[in-house]
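Going by the numbering used here, the sequence shown opens with residue -17, and the numbers climb by one from there. Glycine residues also receive a C-beta, built at the ideal position from the N, C-alpha and C atoms. Source: prediction; values computed, not measured.
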Amino acid sequence: MLPAYQSSWDDLSDLIDIDDTVEAEFNGVSPVGKVRGVVDGMPAWVDVPLPTYEEKIADAEKMKLSLKANADSEIAWRQDAVDAGIATDEETVALADWKKYRVLLMRVDTAKPVWPTLPGEQAS
């Protein structure tokens, strides 16, 4: 395997020889919550680093888009029923609730998100 590393143009100045058992352990699937790292110059499973501020915002943006897509879907068919004059009273009420939810969702600051409660769910 060394020739593959040598041809990769990586810095090999800290390369050490490890035995087959160490290689087998650290070339496999990592334990939950761990990533491959280095402790005292040897491979080790270390804790997954906490997400950065930017990663947290990106995750919140993804969540916001996913929740909005769900709200859009819930609103669309109910709005169609209202437009066609065939909506039940429950569908009309739910449409208003979903529209309110979507507005509140779009106001969420993803730097410090406080998510609105889905229509039909109890606030906790």
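Since V4 contacts V17 with CB under 8 angstroms, what's their CB separation in whole angstroms? By 1-based counting over the sequence shown, the position of residue 4 is 22. By 1-based counting over the sequence shown, the position of residue 17 is 35. Not a contact, Cβ separation roughly 16 angstroms.
Using DSSP's beta-bridge definition, name the partner residues of V21. As a position in the sequence shown, residue 21 is number 39, starting the count at 1. Answer by DSSP bridge pairing, in chain order: M24.
Would you kindly report the start and end of the unbroken alpha helix (DSSP H) that includes W97? On the sequence shown, residue 97 is found 115 positions in, with the first residue counted as 1. Looking at the DSSP string, W97 is not in any alpha helix (DSSP H), and its letter there is neither H nor E.
So, with DSSP's three-state summary, where would you put D29? Looking up residue 29 in the sequence shown gives position 47. Strand at D29.
Check whether the Cβ atoms of A78 and T70 sit closer than 9 angstroms, and answer yes or no. Within the sequence shown, residue 78 is the residue found at index 96, counting from 1. Within the sequence shown, residue 70 is the residue found at index 88, counting from 1. In this structure, T70 does not lie closer than 9 angstroms to A78 by Cβ.
So, under 8 angstroms CB-CB, R84 and I57 are touching, yes? Tell me the CB distance rounded to an integer number of Å. To locate residue 84, count along the sequence shown from 1; it is residue 102. To locate residue 57, count along the sequence shown from 1; it is residue 75. So it is a contact: roughly 7 angstroms between Cβ atoms.
Hey, would you say G102 sits closer than 9 angstroms to A76, going by beta carbons? The residue you call residue 102 lines up with position 120 of the sequence shown. The residue you call residue 76 lines up with position 94 of the sequence shown. Yes; because the gap between Cβ atoms is below 9 angstroms, this pair is in contact.
By alpha-carbon positions, which one of L47, S55, D(-7), I(-2) ends up nearest to V21? Locating residue 21 in the sequence shown gives position 39, where the first residue counts as 1. Taking only the C-alpha atoms, the option nearest V21 is I(-2).
In whole angstroms, what separates the C-alpha of D1 from that of M24? Walking along the sequence shown from the start, residue 1 turns up at place 19. Walking along the sequence shown from the start, residue 24 turns up at place 42. Taking the straight line joining both Cα atoms gives about 11 angstroms.
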